[in-house]
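Residue numbers (the numbering used here): 871 to 1030. All residues carry an ideal CB built from backbone N, CA and C; glycine is no exception.
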């Protein structure tokens, strides 16, 4: 059964490859909305270094700021997975209820609850910020986020 999937995998890959390269990518569309400056918001990957990172105050104006933003995206992606590992470690350090094997954690102290809540807040905040950063539709920013996440999973993935 597994050989059947492997034999058809090359056909699926070829179909996806052909579909990807038969479409024309346009640089602007009538379906875009406009931002406060009256400039069209891109909904496609554009190779532009002048981007807004999350807010208007984080306008990238030169190459050095752009490189700094890429490094920041790598660090944030790495930090997101590391916080997930810390949450998992804190969750495992709490003792399970001895007689109820349902996995409930009733012996968690208030300090551990606060720590777990803070780590959860930080983890979800960083993940949503990374999602919004990727939505700038810059390929270098996208690759920076993916590099940070994948390198963190490479080093810490076995701990999750």
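C-beta atoms of residue i and residue j nearer than 7 angstroms
i, j, result
"residue 1018", "residue 948", "yes"
"residue 1014", "residue 943", "yes"
"residue 913", "residue 939", "no"
"residue 958", "residue 993", "no"
C-alpha distance - residue i paired with residue j, whole-angstrom precision
i, j, result
"residue 1008", "residue 984", "37 angstroms"
"residue 1020", "residue 981", "32 angstroms"
"residue 961", "residue 927", "38 angstroms"
"residue 933", "residue 919", "7 angstroms"
Buried versus exposed call for residue i [16 or more other C-beta atoms within 10 Å across all chains shown]
i, result
"residue 1006", "buried"
"residue 931", "exposed"
"residue 945", "exposed"
"residue 950", "buried"
"residue 1002", "exposed"
"residue 1029", "exposed"
"residue 925", "exposed"
"residue 921", "buried"
"residue 1024", "exposed"
"residue 941", "exposed"
Neighbour flag for residue i against chain B, beta carbons, 7 angstroms
i, result
"residue 997", "Annotation note: the requested chain B is absent from the structure, which comprises a single protein chain."
So within the region 914-1000, which uninterrupted alpha helix (DSSP H) runs reach at least 4 residues, ignoring any that extend past its ends? Here the runs fully enclosed are 933-963.
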